[in-house]
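Q: Structure below; questions to follow.
Numbering (our numbering), first residue to last: 6 to 215.
This is the structure:
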């Protein structure tokens, strides 16, 4: 069985839709039901995804856990919440998967990758930005998982999406909000250079292929 955390988010609800389209069984682990996952409310299990008893009561050996839940912190505040969800929470998830032989799919961030101007590569070492809380905590969590993978303690797959755009952006996402602001002419200044975006459907394909 496939279990999804963060299914109320942009990537998560699109993943649920794709799995449903392909008739692949899945369940959603969430704190509450939102508009994004109403079509699958009969597959939602309400609880604390970082509670080991909750996870143990629902997942079994050889299940797959797709961990997408994260705290997107563009304002670079809320340090305790950011660290608790993006780092300490992931450590709990990884340790649980190791203990219970669960296959883990983890959504990291492109910010964790080193590379030159034109090419990013699968990381041998995780890149850290100590000043940005979101980037740092995602990097810490990714490094922890990579170390366990290199030690052959866990079977896992990591995706490194950049800014995600596309369909079914219900909340909307942080990127979606800024795009809406551009259309509403609330942003009148632009930076020199470019920025990397990825379509949410492509991220879903990467996850399902993993």
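Here a beta-carbon is modelled for each residue, glycine too, at the ideal position from N, C-alpha and C. Owing to the predicted nature of the structure, the values given are computational and were not obtained by experimental measurement.
(1) Where residue 66 and residue 99 are concerned, what is the direct C-alpha to C-alpha distance, given to the nearest angstrom?
(2) Helix, strand or coil for residue 32 per DSSP?
(3) What is the DSSP secondary structure of residue 55, counted as helix, strand or coil?
(4) Taking Cβ to Cβ, would you say residue 174 is nearer than 8 Å to residue 15?
(5) If we count the other Cβ atoms within 10 Å of its Cβ and call it buried at 16 or more, is residue 32 buried or exposed?
(6) In terms of residue numbering, what span does the alpha helix (DSSP H) encompassing residue 98 cover?
(7) Taking a contact to mean a Cβ-Cβ separation below 8 Å, would you say residue 72 touches residue 96 in this structure?
(8) With C-beta atoms as the reference, is residue 139 less than 8 Å away from residue 78?
(9) Tell me, which residues are paired with residue 112 by DSSP?
(10) Since residue 7 is in the beta strand (DSSP E), which residue starts that stretch and which ends it?
(11) Once you ignore the five residues that flank residue 124 on each side, which residues in its own chain have a CB closer than 8 Å to its CB?
(12) Using the C-alpha atoms, what's the distance from residue 172 back to residue 24?
(13) Looking at the secondary structure, which residues open and close the beta strand (DSSP E) in which residue 174 lies?
(14) Hey, quick one: how far does the alpha helix (DSSP H) through residue 25 stretch, first residue to last?
A: Answer, in terms of the structure:
(1) 14 Å
(2) strand
(3) coil
(4) yes
(5) buried
(6) 94-105
(7) no
(8) yes
(9) 164
(10) 7-10
(11) none
(12) 16 Å
(13) That residue, residue 174, is in no beta strand (DSSP E); it is neither H nor E in DSSP.
(14) 15-26
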